[in-house]
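These protein sequences, in sequence, are chains A and B. Last residue of the first sequence: number 360 in our numbering, and the count goes up by one each step with no gaps. Last residue of the second sequence: number 360 in our numbering, and the count goes up by one each step with no gaps. Written out below as structure tokens is the structure these notes cover.
Number of protein chains: 2
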Amino acid sequence: MRPVAEGPIAERLTEAYSALPEGERAIVRVLLDDYPYAALESLRSLAARASVSPPTATRLFARLGWDGYADFQKAIRSEAREEDRSRLRQFVSGGSAAPSTFEQAADTLRSGLSGTLGSVSEPVLTAVAELLMGSGAVWTIGGPLSELAAEYLARQLAGLRPGVSRVPGPPQARARTMVDIGPRHTIVAYDFRRYSAATARFVAEARKRGAHVVLVTDAWDAPPAPHADHLIALPREAAGPIAPLTYEIAVTELVLVGCAGAAPGSADRLDEVEALTHTLG
Amino acid sequence: MRPVAEGPIAERLTEAYSALPEGERAIVRVLLDDYPYAALESLRSLAARASVSPPTATRLFARLGWDGYADFQKAIRSEAREEDRSRLRQFVSGGSAAPSTFEQAADTLRSGLSGTLGSVSEPVLTAVAELLMGSGAVWTIGGPLSELAAEYLARQLAGLRPGVSRVPGPPQARARTMVDIGPRHTIVAYDFRRYSAATARFVAEARKRGAHVVLVTDAWDAPPAPHADHLIALPREAAGPIAPLTYEIAVTELVLVGCAGAAPGSADRLDEVEALTHTLG
DNA sequence: CACCGGGTGTAACGAACGTTACGGGCAGCT
DNA sequence: AGCTGCCCGTAACGTTCGTTACACCCGGTG
């Protein structure tokens, strides 16, 4: 399979990459970009694709320890053949003795995401999506790190409908924002771990003014939770040694999928945004 | 029938088989027995495996309508490439009966993340982590959406070491930034899909000044790729209907795990940051 | 400034390639 | 028996291949 399961040859190329001269790097890029099919063509067309001369390719394979291009090709072919065979028994759960730090971290992310996606219920997502597409205006807000998720939601959602903004950071600007918030508006708040008192206050005030509140957090007893109409709680145990922004982004994308589904004409809008980007850029 | 899914080429061979003379049948048998790998070797070795002469093979391909062996090989290669792609697509989009939109999206995210985490090689992560912790100064930069990942890396990395900044957006500010960039500095660039010409230019110039460049992208032939010392390529096919920021964040967190591991005293620094946050807030 | 080492492209080489031309061989038909 | 059509291998052809040799350019060093 393409990059999902790379063989040792692709790894060898990847690892050696940074130590290679420019021309040979170009070859490696072509090789990995269309792996393994680029390696099945002739050395000359390979070199042409990389815009270098054939000898440069020859030198690459020599440097990496193969006995010429034919040798390299043979290795690629047998690896592909072998990988094809083993695709059936791809239920190998890794299992190798001592997983490295990275493997541990990767596993944490994998299972954490799985838990995150499993814990959000579909009716809630549907309701949130409808709310976001049906509201008069949408504001997103987040804590020190979660604000990146808030920003992400704002940007993507703005591609689907008008009237989406970030809640500004400074108190005065927040106050000016709050003045106009009313019953037809929706606030999406991201609040995690240490929780932001400012976010809780903002959410509480917005709710008092009749706005709808969607809260993405890590616990049902988070400070702003009482003021939320819809609450998406990510499992806390998913947290690794580092803040798991991955999960926040993931559920945000889930919400966005729902929003896109609820907006039939969104493709046109996205096209127009793109055209305008070009015009203004 | 070793291959799970045979393409039309294999079918063509099978159907024509009975109408073929003995020698050409032998060729077809070899072809189908080790499909499609036998077709990737030379015509001569193919003929040898079938215990016939090379011209017999040539005649087979002419008879079946291809314009020579090279033409046949090209067809085989592109078919294999296409089949590979569609296999991944099917793998990504899931196949169970009628899953809801959200379940589909969730599966996409799950398997996409799995693919992403599987495709990044550990030595590269290690090298990047060491680079990020050992450099004089680190700058992060990203495109319209990827900049969120760049921002995330900058914020988290700043908790582990001093001298981490975002590259500013406006050209003049970028120019002022560039002036001071030199050999002991490192640039981390995120560049995806539509690719940002500005990012590519910045990276190219930085590299010219001797800075190290780490590029996180979705293809080995991305525009800034030629200027990167370390390249982390996320599988392109993993992309769903929406931009997969989840994956970018995930590999960023993987890198951060490596950085944290390379900095023993980072806990103290984080504590101090927290205390200062309280003091200044 | 001269020097040096590494990286690269151009040009030329020999080898292997796929193809074509030709002739022997064999079955089936007249 | 002779003829005919098809199949197939041998031999030679021209092409394309991967490799090597060599000269140029560039950045770093004494």
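Positions of the beta carbon are idealized from the N, C-alpha and C atoms, including for glycine. What you are looking at is a predicted structure, and each value in this text was computed from that prediction instead of being measured.
Between threonine 135 (chain A) and leucine 122 (chain A) a beta carbon distance of about 10 Å is seen, past the 8 Å cut, so the two are scored as non-contacting. Interface criterion not met: the Cβ of isoleucine 311 (chain A) is under 7 Å from no Cβ in chain B.
Residues of chain B with a Cβ closer than 7 Å to the Cβ of leucine 224 (chain A) are, in chain order, Arg234. DSSP places valine 330 (chain B) in the uninterrupted alpha helix (DSSP H) bounded by 324–340. For chain A, the residues of the segment 189–221 of chain B that bring a beta carbon within less than 7 Å of one of its beta carbons are Arg189, Leu192, Ser193, Gly194, Leu196, Gly197, Ser198, Ser200, Glu201, Pro202, Val203, Leu204 and Ala206, in chain order. Taken in chain order, the complete alpha helix (DSSP H) segments of 4 or more residues contained in the segment 209–256 of chain B are 226–237.
Aspartate 112 (chain B) and glycine 144 (chain A) have their C-alpha atoms roughly 31 Å apart.
The residue from B:Ala279, B:Ser198 and B:Arg240 with its alpha-carbon nearest to that of valine 246 (chain B) is B:Ala279. In this structure, the alpha-carbon of alanine 283 (chain B) lies about 17 Å from that of alanine 252 (chain B). Taking alanine 117 (chain A) as reference, the option from B:Arg160, B:Ala105 and B:Thr265 with the minimal CA-CA separation is B:Arg160. Between glycine 215 (chain A) and alanine 237 (chain B), the alpha-carbon positions lie close to 38 Å from each other. By the C-beta criterion, the segment 88–101 of chain B is judged not to be in contact with the segment 213–232 of chain B, since fewer than 3 inter-stretch pairs fall below 8 Å. Residue pairing by DSSP leaves isoleucine 155 (chain B) without any beta bridge partner. Scanning its chain for C-beta atoms nearer than 7 Å, with the 5 sequence neighbours on each side dropped, one finds around alanine 341 (chain B) the residues Ala208, Glu209 and Met212, in chain order. When the five nearest sequence neighbours on each side are left out, the beta carbons in the same chain lying within less than 6 Å of the beta carbon of tryptophan 218 (chain B) are those of Ser244, Val246 and Ile266, in order along the chain.
Under the Cβ criterion of 7 Å, arginine 160 (chain B) is counted among the residues facing chain A.
By the neighbour-count definition (other C-beta atoms within 10 Å, threshold 16), serine 275 (chain A) is a buried residue. At least one CB atom of chain A sits nearer than 7 Å to the CB of glycine 340 (chain B).
The closest CA to that of histidine 264 (chain A), considering only A:Ala290, A:Glu182 and A:Arg255, is found on A:Ala290. Under the three-state reduction of DSSP output, leucine 99 (chain A) falls in the coil class, being neither helix nor strand. Under the 8 Å Cβ criterion, the segment 307–315 of chain B counts as touching the segment 190–204 of chain B, having at least three qualifying pairs. Judged by DSSP in its simplified three-state form, isoleucine 106 (chain A) adopts helix. The C-beta distance from threonine 325 (chain A) to alanine 329 (chain B) rounds to 5 Å, short enough to fall under 8 Å. In summary, the residues of the segment 93–122 of chain B whose CB is separated from some CB of chain A by less than 7 Å are Tyr116 and Leu119, in the order they occur in the chain. If the five residues before and after arginine 286 (chain A) are omitted, its C-beta is found closer than 6 Å to the C-beta atoms of Val292 and His306, all from its own chain and listed in chain order. Leucine 99 (chain B) and phenylalanine 151 (chain A) have their C-alpha atoms spaced approximately 35 Å apart. By the Cβ neighbour-count rule, proline 241 (chain A) is exposed, with fewer than 16 other Cβ atoms within 10 Å of its own. For valine 282 (chain B), the uninterrupted alpha helix (DSSP H) run begins and ends at 276–287, by DSSP. Within chain B, the residues whose beta carbon sits less than 8 Å from that of tyrosine 231 (chain A) are Leu224, Leu227 and Leu324, listed in sequence order.
Between valine 109 (chain B) and serine 124 (chain A), the alpha-carbon positions lie close to 27 Å from each other.
DSSP links tyrosine 269 (chain A) through a beta bridge to A:Gly221 and A:Val295. Listed by position along chain B, the residues whose Cβ is nearer than 8 Å to that of threonine 180 (chain A) are Val336, Gly337 and Gly340.
Taking alanine 129 (chain A) as the centre and dropping the five residues before and after it, the same chain places the C-beta of Ala105, Ile106 and Val109 closer than 6 Å to its C-beta, in chain order.
Annotated three-state conformation of alanine 129 (chain A) is coil, per DSSP. Taking a beta-carbon distance threshold of 7 Å, tryptophan 145 (chain B) does not count as an interface residue toward chain A. With contacts defined by Cβ atoms closer than 7 Å, glutamate 101 (chain B) and leucine 139 (chain B) do not form a contacting pair.
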